[in-house]
Amino acid sequence: MKLVLPFKKKKSEPSEDAAGEKKPKYSRPRKKLKKKTIVLLIILGILIIAGCVGLYFLFFAKDEATIITGETTTGSLTTTLEGTGTTIPADSVTYTFASDADIKEVDVAAGDTVAAGDQLYVQDDTEVYDEIATYQENIADLNTKLDDYNNTLTTLNENIANLTITAPFSGRLTEVDVEDGDTIKSGDTMAVLVDDSKMKVTQYFSYAYEDDIYVGMPGVISIADQMLTLDAAVTSISKVERITTEGTRCFAVTMEITNPGSLTEGLTGAGYLLSKSGEKLYPAVEGTLEYASSKTITAKVSGDLTYMNAVDYQKVTKGETLFKIDGTTYENQLSSVTRNIASTNESISSYNDRITQAQESLANYTVTSSIAGKVIMVRASVGKTPTEGGTSVVVYNLDSMEVSIDVDELDIDNITMGMSVDIIQTGSETDTTYKGTVTAISYEATNTDGVAYFPITVSVDSQGALSPGVNVSYKITIGDAEEGVLAPIAALKTTDEGTCLFIKADSKPASAIDLGDDVDIPDGYYAVPVETGVSDSTNVRILSGVDAGVTVFLRYQESAPSNGDTTSENADATTTTATQNFGPPGGMSNMGGGGGGGPMGG
């Protein structure tokens, strides 16, 4: 830029212009700009230009970005778990000495092969039979005591039942001999109960009438003292032999009449019987009236009388409570006997259990192998006194081995019962692989350095080829072994139209869909809907929509930082110019993609 600075002119006379007009002699002088002001204006202009350029690059310029891509492939979603373990026999038995009794016989040695049921050794069992005999003697003594206790218990229960005295039949009380609060002894008379509703009289008839008189035969009884004549009936016949003063041989006939209320015991009753022909049969000996039923009530237990419902001539009904006797003593005795019975039964049961255990232990004195296999260890020796509980013989079944494996908490859900496992035994020249099967899964974790591990058991049917204690390695293949089309999880894009892959193609595929202008899809890529299946941490199975061998968009990678670092996605990378807008607000999620980028990017 060219700057013209003002300068001073000399004074001169007014001059005329081309038209001949005269200019004023003096004109208004121009104001001079200072040098400092000019410099400031120049700097201000430079700042304005720089700001405009910055705004342009900030809001309108496009950044250089790298497209990170992947490729659909064919394969399976499997992962192999590997590690090492030690073999142990799947079936083994360790036998121990039953006691410190002497060893009488040893039938095997280490290294021998035995079948199930083969005898291994014999230990002296005399002490066991002695114990059984002692227990049986103790049980016999206890059973004798138990019989005594049970007899006492029966008596006590009867006594307790007899503490309450009731009327055996309906009638009237007489001769009440006790008072409330009396101390009663067993056998004491309490009262007399009579049934005076009916009276009976026993008369003696000549044996000449033996065939004519029968039970139920009607008759008449006359009570001269009360001038009563009452109907009667024969209730019993007793073929006794009573001789009268006249020498008549007689038998007894008891007749019963209904008491009109005035009859009492001791009154004379004379009468006759009416035969079927109407003939009157008179007795040889008349009798006196008696109550039809009479019973002396006595106490069957001892104790204080605590309740009394009885006075002379009181009418009572059958079953009515008349007396109660204190039963504290009997109840205490009952509790004691009951405890003794329970204790004795427990002792008998305990001895029976000991006999059972002793009988079962006899099998531990003549020891046989419960499995087929190889004898690994023998510590039994004839004539020597062993230590009770010490190991005597160890037998391994070498046909099948087990390996215990610790599985990471992230993988345990993929382990199932019956799953196949490769067991590898490393050899000096070649390795041998055996097929194992998961036979046990424990869900009780152990924690190591903050990581939870779950133990599983793998059984290996090696038919004796594997020995116990051998270090082996294992391989477990988990996941979906089915072959199919796989795509990187980072390539999945969730859109309003569903899950899509942005695939690279020379022209728009028939299955491609239009997602709208607000979704940023790189040039040369098209949104294709896909149906997905199972996945792992890296890939997802594509069930339909895309074939293998297709390049798919993963995300944008911004231009490398100034320090030169770059990000590797194990995929192809191309450079393009892209804005920061990858989709509408909220964007589309990336199922497992990497970092950086926009809503559609990883």
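UniProt numbering puts the sequence shown at residues 1 to 602. C-beta atoms are modelled at their ideal positions from N, C-alpha and C, and glycine is treated no differently. Values in this document were obtained by computation on a predicted structure and should not be read as measured data.
{"Check": "Rounded separation between residue 656 and V337 - CA only", "Outcome": "Given that the chain is displayed from residue 1 to residue 602, the structure contains no residue 656 and the question cannot be resolved."}
{"Check": "Within 7 Å, strictly: CB atoms of S76 and A481", "Outcome": "yes"}
{"Check": "Simplified DSSP state of A363, which is helix, strand or coil", "Outcome": "helix"}
{"Check": "Proximity below 7 Å, CB of L267 to CB of D225", "Outcome": "yes"}
{"Check": "Boundaries of the alpha helix (DSSP H) in which E137 is found, first to last residue", "Outcome": "T126 to A161"}
{"Check": "Nearest-angstrom Cα separation, counted from E346 out to S293", "Outcome": "51 Å"}
{"Check": "Helix, strand or coil at I412 according to DSSP, with G and I counted as helix", "Outcome": "helix"}
{"Check": "Simplified DSSP assignment, three categories, for R541", "Outcome": "strand"}
{"Check": "Euclidean distance between Cα positions of E21 and I42", "Outcome": "At E21 the pLDDT is 46, less than 50, meaning the model places this residue with poor confidence and gives no usable figure here."}
{"Check": "Any non-hydrogen atom of the ligand PLP closer than 6 Å to D449 Cβ", "Outcome": "The ligand PLP is not part of the structure shown, which contains no ligands of any sort."}
{"Check": "Coil, strand or helix - A50 by DSSP", "Outcome": "helix"}
{"Check": "Beta-bridge partners of T189, as assigned by DSSP", "Outcome": "T298"}
{"Check": "Run of the beta strand (DSSP E) containing D461, from where it starts to where it stops", "Outcome": "V451 to D461"}
{"Check": "Under the three-state DSSP convention, the category K357 falls into", "Outcome": "Inspection of the sequence shows that residue 357 is occupied by Gln rather than by Lys. In this structure, Q357 counts as helix in the three-state DSSP scheme."}
{"Check": "CB of T306 within 7 Å of CB of D326, strictly", "Outcome": "yes"}
{"Check": "7 Å Cβ cutoff met for I371 and A116", "Outcome": "yes"}
{"Check": "Pick from I38, E71 and E331 that is closest to T551, judged by C-alpha positions", "Outcome": "E71"}
{"Check": "For I405 and I456, believed in contact at Cβ under 8 Å, the rounded distance", "Outcome": "5 Å"}
{"Check": "Reduced DSSP secondary structure (H/G/I, E/B, other) of Q314", "Outcome": "coil"}
{"Check": "Cut-off 8 Å between Cβ atoms - residues of its own chain near R242, not counting five sequence neighbours on either side", "Outcome": "Y204, R249, C250, F251, A252 and V285"}
{"Check": "contact_flag[the segment 163-173, the segment 207-224] where n(CB pairs < 8 Å) is 3 or more", "Outcome": "no"}
{"Check": "CA nearest to the CA of E483, picked from A548, V421 and Y129", "Outcome": "A548"}
{"Check": "Bridge-paired residues (DSSP) for A487", "Outcome": "V540"}
{"Check": "Continuous beta strand (DSSP E) stretch holding P89: start and end", "Outcome": "T73 to T96"}
{"Check": "Cα-Cα separation between P89 and K504, rounded to whole angstroms", "Outcome": "58 Å"}
{"Check": "At least three beta-carbon pairs within less than 8 Å, the segment 384-392 to the segment 442-449", "Outcome": "no"}
{"Check": "Span of the beta strand (DSSP E), counted from its first residue to its last, around F251", "Outcome": "R249 to T258"}
{"Check": "Assumed close pair K374, G85 - CB separation to whole angstroms, cut-off 8 Å", "Outcome": "Their Cβ separation, rounded to whole angstroms, is 22 Å, which puts K374 and G85 out of contact at 8 Å."}
{"Check": "K493, buried or exposed, once every other Cβ within 10 Å from all chains shown has been counted against 16", "Outcome": "buried"}
{"Check": "Three-state class that DSSP yields for K45 in the structure shown", "Outcome": "A quick correction: the sequence has Gly, not Lys, at residue 45. Looking at G45 - three-state DSSP - the assignment turns out to be helix."}
{"Check": "Y149 beta carbon less than 7 Å from that of N397", "Outcome": "no"}
{"Check": "Assigned secondary structure, V240 (DSSP; H/G/I helix, E/B strand, else coil)", "Outcome": "strand"}
{"Check": "Within 7 Å, strictly: CB atoms of T94 and V394", "Outcome": "yes"}
{"Check": "Length of the line joining the Cα atoms of L289 and T264", "Outcome": "7 Å"}
{"Check": "Backbone secondary structure at D211 - three-state DSSP", "Outcome": "coil"}
{"Check": "Limits of the beta strand (DSSP E) - the one that V378 falls within", "Outcome": "G373 to V378"}
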